Amino acid sequence: TSIEYVAYRGSGPAAADVVAGHLPYMWSVISIVTPFIKAGRLKGLAIAAERRAPNLPEVPTTAEAGLQDFQVSGWYGLVAPAKTPKAVIDRVHAAAAKALQNEAVLARLATSGSLPIGAGPEALDAHIRREIARWDKVLKAAGVQLK
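First residue of the sequence shown? That's 6 in our numbering, and the numbers climb one at a time after it.
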């Protein structure tokens, strides 16, 4: 089976073309396709994450669907200039951690398919470094030349 890349100006138009039968499938951020899946207009084949999404518990992870070692999750993190004082970073982290305990915030994140972690600045730094190393390896293996 071959895969052909088709460029779109966003996931919304691509999802509309999958619903209309113009494309056989697509990869997308979960927030775009969730309404279509819930309405029965698209079928969720797999979530490229470590665990199932709370708002689509019936959709398996890629590992559960038979595609091992394929996790491609978008993530958001609070970042600051490298020389930001630790006291400021600690204060911002404390405020963010508090927000992630708020039920309304958690509910809103869940509707967008986000899985909050909030593990702290050191954990985020380690995650960013792992992601850079991971994607550097993928880009080199694919022969991608950055300009």
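For each residue, glycine too, the CB sits at the ideal point set by N, CA and C. For clarity, every value in this text was computed on a predicted model and none was experimentally measured.
Legend entry - Environment of I137 [buried if 16+ CB atoms lie within 10 Å]: Numbered from its first residue, the sequence shown carries residue 137 at position 132. I137 comes out exposed.
Legend entry - The alpha helix (DSSP H) enclosing T39, as first and last residue numbers: In the sequence shown, residue 39 corresponds to position 34, counting from 1. Start and end: I35 to K43.
Inset, instruction - Please work out which residues of its chain come closer than 7 Å, Cβ to Cβ, to A102, disregarding the five sequence neighbours upstream and downstream, and give them in chain order. - result: By 1-based counting over the sequence shown, the position of residue 102 is 97. Within the same chain, A102 has close Cβ partners G123.
Inset, instruction - Evaluate contact between the stretch 49 to 68 and the stretch 23 to 41, counting only Cβ atoms and requiring at least three cross-stretch pairs below 8 Å. - result: yes
Inset, instruction - Would you mind working out which of P40, F41, A44 and Q73 sits nearest A53, comparing C-alpha positions? - result: Your numbering for residue 53 matches position 48 in the sequence shown. With distances taken between Cα atoms, A53 lies closest to Q73.
Legend entry - alpha helix (DSSP H) segments (min. 4 residues) lying fully within the stretch 69 to 131: 91 to 104 and 108 to 116
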